[in-house]
């Protein structure tokens, strides 16, 4: 596991215990701090995905430190504290905490809570990445409907964008003109195939490196059209 974890507590024994348990669970990128000042220094170079934070620190309240950390990082923050009231927990969440464990605690519970937070991060990250489709020469941001060709925004009409998005979401599949019209325009084609062909031609002009030798949208003679994805960093055969 390559996730970076920062442990912040003024008790060296607690830090050492958590570090040992985490390493047994496969976590190797771990930093420890015994004060707020030390924690803020560490995160300048060490970018944690999760921070275990004691509320009672010698130089600053863990709640105040949480607010300072939030200016620098979106890492999940798991509070450790001897305070057990619901009010204290609510304050911790309001300050930017993601989870709350009271002392004394079972170190295995802390590890389990850490794993839950990191799993949520991975799920969220995967969903975010799925909203952006990246290829060798262009990318599509599905949230903003923005298409960039070699990092420059290109202007597409609504139907050009819809057609391109349909192709990219169905790579390596051959579609007849009638199928493209039905799926993108939402109705059966009534004898006029020029609409689809014209839109494909316009897309090629705007984003194909060589519109006369299409790289992405290929015409499979007698069958239809197929989008061939060329991903960044992939060797093309």
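In the numbering used here, the protein residues as written are 761 to 997. Virtual Cβ for every residue (Gly too), placed ideally from N, Cα, C. On a predicted model such as this, the values are computed, not experimentally measured, just so you know.
Distance, Cα to Cα, residue 969 vs residue 945?
-> Residue 969 and residue 945 have their C-alpha atoms spaced approximately 26 Å apart.
Is residue 970 a contact residue of the ligand FMN, with contact defined as CB to any heavy atom under 8 Å?
Because no ligand of any kind appears in the structure shown, any question about the ligand FMN cannot be addressed here.
Problem set entry | One or two residues paired with residue 765 in a DSSP bridge | Answer is 790, 810.
| So residue 814 packs on residue 846, CB below 8 Å; how close in whole Å? | Incorrect: roughly 20 Å between the Cβ atoms, too far for contact.
Expressed to the nearest angstrom, what Euclidean distance is found between the alpha-carbon atoms of residue 869 and residue 877? So the alpha carbons of these two residues sit roughly 12 Å apart.
| message | Is the beta carbon of residue 862 closer than 9 Å to that of residue 835? | response | No, Cβ-Cβ distance for residue 835 and residue 862 is not below 9 Å.
Inter-stretch contact at 8 Å, needing at least 3 Cβ pairs: the stretch 851 to 860 / the stretch 789 to 800:
Fewer than three beta-carbon pairs drawn from the stretch 851 to 860 and the stretch 789 to 800 are found closer than 8 Å, and the two stretches are therefore not classed as touching.
Practice item. Spatial neighbours of residue 979 within its chain, please: CB distance less than 7 Å, with the 5 preceding and 5 following residues excluded, ordered by chain position. Key: For residue 979, where only same-chain residues beyond five positions count, the Cβ hits under 7 Å are 985.
For this session: State the start and end residues of the unbroken beta strand (DSSP E) segment that holds residue 853.
Result: That residue, residue 853, is in no beta strand (DSSP E); its alpha helix (DSSP H) goes 846 to 854.
Same chain, Cβ closer than 6 Å to residue 966, five either side skipped, listed in chain order | Its chain contains 914 as the residues whose beta carbon lies nearer than 6 Å to that of residue 966, once the 5 sequence neighbours on both sides are disregarded; these appear in chain order.
Could you work out which residue in 811, 839, 773 is closest to residue 832 when comparing CA atoms only? Nearest of 811, 839, 773 to residue 832, Cα basis: 811.
Does DSSP put residue 908 in a helix, in a strand, or in coil? In the structure shown, residue 908 sits in a strand (DSSP, three-state: E or B).
In terms of residues, what are the limits of the alpha helix (DSSP H) holding residue 963?
Segment 954 to 967, the alpha helix (DSSP H) holding residue 963.
**Prompt:** Between the Cα of residue 852 and the Cα atoms of 864, 880, 825, 866, which residue gives the shortest distance?
**Reply:** For the residues 864, 880, 825, 866, the minimum Cα distance to residue 852 belongs to 825.
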